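Each residue of the sequence shown is one higher than the last, beginning at 375 in this note's numbering. Yeah, the Cβ is synthetic: ideal placement off N, Cα and C, and Gly gets one too. Since we're looking at a predicted model, the values are computed, not measured.
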Amino acid sequence: MLQVYNYMVESYLPKQEIKNHAHKKGELKKVYRNIVDLNKRSPFYKINLSPDNQVYTLGVKESALDLKSKLLSISDEDNSSFNKRTVAVSDDRVINAKLLGEDVTDLPKSIQFKVNRLASSQVNQGKDLFQPSRGLEKGVYDFRAVIKGQAYDLTFIQKEKTDNLDTLTRMAEYLNQSLPDLMASVEQSEKKEYSYLHITADFTGKFGDKSFYFEDEELYREGVVDFFGLNRTIMPGSNSHFYINDVEKQTASNTFHLEGKLQITLKGTSEQDVDVRIVPDSNPIYKQVNSVLSTYNQMLLLAKSRKETSSEHFGASKLINELTNLEKIYEDELIACGLQPQEDGTISIEESLFVQASLDGGMEDLFKRENGFIARIFDKANSIAINPMEYLDKTVVIYPNSSRAGFTNPYITSMYSGLFFSSFC
C-alpha cells in the first residue's frame with residue numbers, strides 16, 4: 375500500500391523538502407492519539423475508493439501537511455523571515471546604509487544623521503606648459519613623494535629634450551606606475567596648446583597640512599617638482615563633518631561602520647535630519663508568505679476542481695466553504711496587510727500594502743495572533759491532515775455507540791491519514 379501511495383502522490387504533487395512534519399516519538403504518539411480519539415467519535419462509513427477519489431483525498435492531505443509545515447516554519451525563530459532585518463533611509467540621496475550581518479543587537483532602531491560636509495580628496499594642478507616647447511633639460515632627476523606621511527624616493531630620466539606634451543605624458547605614466555593612492559593625468563589647459571599635470575588622491579580625508587606633496591632632491595638646479603608644478607594644490611583633502619543623534623562626528627572617509635554591524639556611506643549634505651531605521655526585510659517575508667499562500671490556494675483549487683469535475687462533490691464544497699468563510703470573517707485584517715481574497719476564494723498579494731505591513735509589523739502580528747486568520751488556518755490544516763476523509767463523499771453505515779464500555783471503532787478515518795510520512799520518512 376505504501377508503494378501505491380507514494381506513486382499516486384508523485385503523480386500530482388512535486389516532492390518537497392519537509393522540515394516540520396512530526397518525526398519525534400512524542401509527536402507521533404500525539405498524532406496517533408488524535409486519530410484514535412477521532413475514530414471513537416466517527417460513524418462507520420462506506421467509501422468508494424475509486425482512483426479519482428484516492429488522488430483527490432491524498433492531494434488534500436498533502437496540501438494540508440505542506441501548509442502546516444510552512445506555517446510552522448514561519449513561526450520558528452530560526453527559520454522565520456520576520457527575524458530578517460534591513461535598513462530604511464529617509465533620504466538615500468544623502469546616505470546609503472546596509473547591514474553587515476544578521477545580528478542587529480546594540481543598534482538603535484532609529485538613528486538621526488545631519489551631514490554638513492563630505493570627506494574630499496586632495497587635488498593638485500601643475501603649471502600650464504606650452505606643448506610644442508622643449509622645456510625640461512636632458513638628465514636624471516631625483517625627487518620624493520610623501521603620501522599620508524609615507525615617503526617614496528623616485529627617479530625620472532629625461533634621455534633627451536622632447537616637447538612638453540611628451541614629457542608631461544611620460545611623467546603622468548611614471549607617477550601612476552610608481553605611486554600608490556595617486557592618479558595622474560595630462561589635461562588640456564584653457565589656453566590653446568597648453569597642458570598641465572592633474573594629480574588626485576585616491577583617498578579622502580585630511581592628513582596633516584597636505585595629504586600628499588613632492589620634494590626635489592637637488593637644490594642647485596630646477597627639478598621636476600618645480601618644472602611641472604607638482605605641489606600646486608587647488609583643493610585640499612578634508613574630513614567629513616556630520617552629526618549622529620546631535621553628537622558631532624568627523625571621519626577621513628565617507629564610508630564607515632557603526633558598532634561593526636552597520637555600514638554608512640555619506641553621499642551628500644543635508645539641512646534636515648536623515649532618519650536611518652532598522653526595519654523588517656520585506657523581501658524574505660514576501661517569499662515566505664507567498665509560499666504559504668501558494669499552498670493554501672493549491673488546496674482550495676484542488677477542491678474547486680473536484681467540485682467542477684465530479685458528481686461526488688459535497689465534501690469538496692464543504693472544504694471550500696470552510697476556507698472561504700474564514701476569509702470573510704477575517705477579511706479586514708487580511709486586506710490591511712495586503713492579502714486580498716479573490717472571487718474564486720484564493721488569496722493574492724497587493725504589494726504596496728504588503729510591504730507597508732511588513733515594515734510596520736502588521737504582517738508579523740497577522741501570523742502570530744493567537745486567535746487570528748493564520749491560527750485558524752493552521753488548526754484547519756491540522757484537522758485536514760488527520761482526517762482528509764472528512765472532505766470525501768461517503769455513505770454512513772452506522773453511528774458509533776459511544777456509551778458502550780470499551781467502545782472502539784474501525785480505523786476508517788485514518789485509512790489514508792495514518793500514512794503521515796509517505797516517502798519522506
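Residue i versus residue j - alpha carbon distance
| i | j | result |
| --- | --- | --- |
| Val489 | Asp620 | 11 angstroms |
| Gln800 | Thr607 | Because the chain in this structure spans residues 375 to 799, residue 800 falls outside the shown range and cannot be described. |
| Leu632 | Ala626 | 15 angstroms |
| Val514 | Asp480 | 59 angstroms |
| Thr686 | Leu432 | A small correction: the amino acid at residue 686 is Glu; Thr does not occupy that position in the sequence shown. Going by the C-alpha atoms only, they are around 16 angstroms apart. |
| Ala731 | Ile709 | 10 angstroms |
| Gln646 | Glu738 | 32 angstroms |
| Leu727 | Gly712 | 5 angstroms |
| Phe359 | Gly579 | Here the chain has residues from 375 to 799 only, and residue 359 is not among them. |
| Asn456 | Asn664 | Going by the sequence as given, residue 456 is Phe instead of Asn. Between Phe456 and Asn664, the C-alpha separation is close to 14 angstroms. |
| Arg544 | Lys522 | 24 angstroms |
| Ile703 | Ile448 | 23 angstroms |
| Pro425 | Asp767 | 14 angstroms |
| Asp465 | Ile618 | 15 angstroms |
| Ala690 | Phe752 | 19 angstroms |
| Ser484 | Val478 | 12 angstroms |
| Glu511 | Leu593 | 15 angstroms |
| Lys533 | Gln551 | 19 angstroms |
| Ser757 | Asn695 | 15 angstroms |
| Gly735 | Leu674 | 28 angstroms |
| Lys641 | Val429 | 60 angstroms |
Cβ distance (whole Å) where residue i is taken to contact residue j below 8 angstroms
| i | j | result |
| --- | --- | --- |
| Ser585 | Gly611 | 4 angstroms |
| Gln505 | Leu539 | 4 angstroms |
| Ala677 | Val434 | 7 angstroms |
| Asp590 | Asp600 | 6 angstroms |
| Leu553 | Val560 | About 16 angstroms; that fails the 8 angstroms criterion. |
| Phe588 | Ala525 | The pair is not a contact, with the Cβ atoms about 11 angstroms apart (cut-off 8 angstroms). |
| Ser668 | Leu733 | That pair is no contact at about 23 angstroms. |
Opening and closing residue of the beta strand (DSSP E) in which residue i lies
| i | result |
| --- | --- |
| Ser447 | Run containing Ser447: none in the beta strand (DSSP E); it sits in the alpha helix (DSSP H), 425–449. |
| Gln562 | 556–562 |
| Tyr526 | 524–532 |
| Ala462 | 459–463 |
| Gly611 | Element bounds for Gly611: n/a, residue is neither H nor E. |
| Asp706 | No beta strand (DSSP E) contains Asp706, which is instead part of the alpha helix (DSSP H) from 705–710. |
| Val489 | 484–491 |
| Val621 | 621–625 |
| Leu640 | 636–640 |
| Asn605 | Segment: none, Asn605 is in no beta strand (DSSP E) and carries neither H nor E. |
| Thr574 | 568–575 |
| Asn498 | 497–499 |
Same chain, Cβ closer than 7 angstroms to residue i, neighbours up to 5 away in sequence not counted
| i | result |
| --- | --- |
| Asp576 | Asp555, Leu556, Met557 |
| Glu707 | Leu740, Gly746, Phe747 |
| Gly509 | Leu503, Asn538, Phe601 |
| Asn613 | Ala493, Gly579, Lys580, Gln624, Thr625, Ala626 |
| Lys565 | Asp502 |
| Ser507 | Asp537, Asn538 |
| Tyr568 | Asp502, Leu503, Phe504, Gln505 |
| Thr698 | Gly719 |
| Asn671 | Thr720, Ile721 |
Residue i: first and last residue of the uninterrupted alpha helix (DSSP H) it sits in
| i | result |
| --- | --- |
| Thr541 | 538–552 |
| Pro658 | 656–683 |
| Glu725 | 725–734 |
| Ser757 | 747–760 |
| Asp600 | 598–602 |
Residue environment, residue i, which counts as buried when at least 16 other CB atoms sit within 10 Å
| i | result |
| --- | --- |
| Gln716 | exposed |
| Pro654 | buried |
| Gln662 | buried |
| Asn628 | buried |
| Thr720 | buried |
| Gly500 | buried |
| Leu441 | buried |
| Glu547 | exposed |
| Ile531 | exposed |
| Phe517 | buried |
| Ser797 | Note on Ser797: pLDDT 37, under 50, position unreliable in the model; no value is reported. |
| Gly683 | Residue identity check: residue 683 is Thr in the sequence provided, not Gly. Answer is exposed; the Cβ neighbour count stays below 16. |
| Gly597 | buried |
| Val666 | buried |
| Thr529 | exposed |
Close beta carbons around residue i, own chain, < 6 angstroms, minus the five adjacent residues each side
| i | result |
| --- | --- |
| Leu693 | Ala677, Tyr765 |
| Ala462 | Arg651, Val653 |
| Met609 | Val497 |
| Gln714 | Ser722, Glu724 |
| Leu700 | Arg750 |
| Ile454 | The residue you asked about is not Ile; residue 454 is Ser in the sequence shown. Only Ile448 meet the Cβ criterion. |
| Leu445 | Phe752 |
Spatial neighbours of residue i in its chain, beta-carbon cut-off 8 angstroms, leaving aside the 5 residues before and after
| i | result |
| --- | --- |
| Thr643 | Val468, Val489, Asn490, Arg491, Leu492 |
| Ile638 | Ile469, Asn470, Ala471, Phe487, Thr629, Phe630, His631, Leu632, Val650 |
| Phe688 | Asp767 |
| Gly475 | Lys635 |
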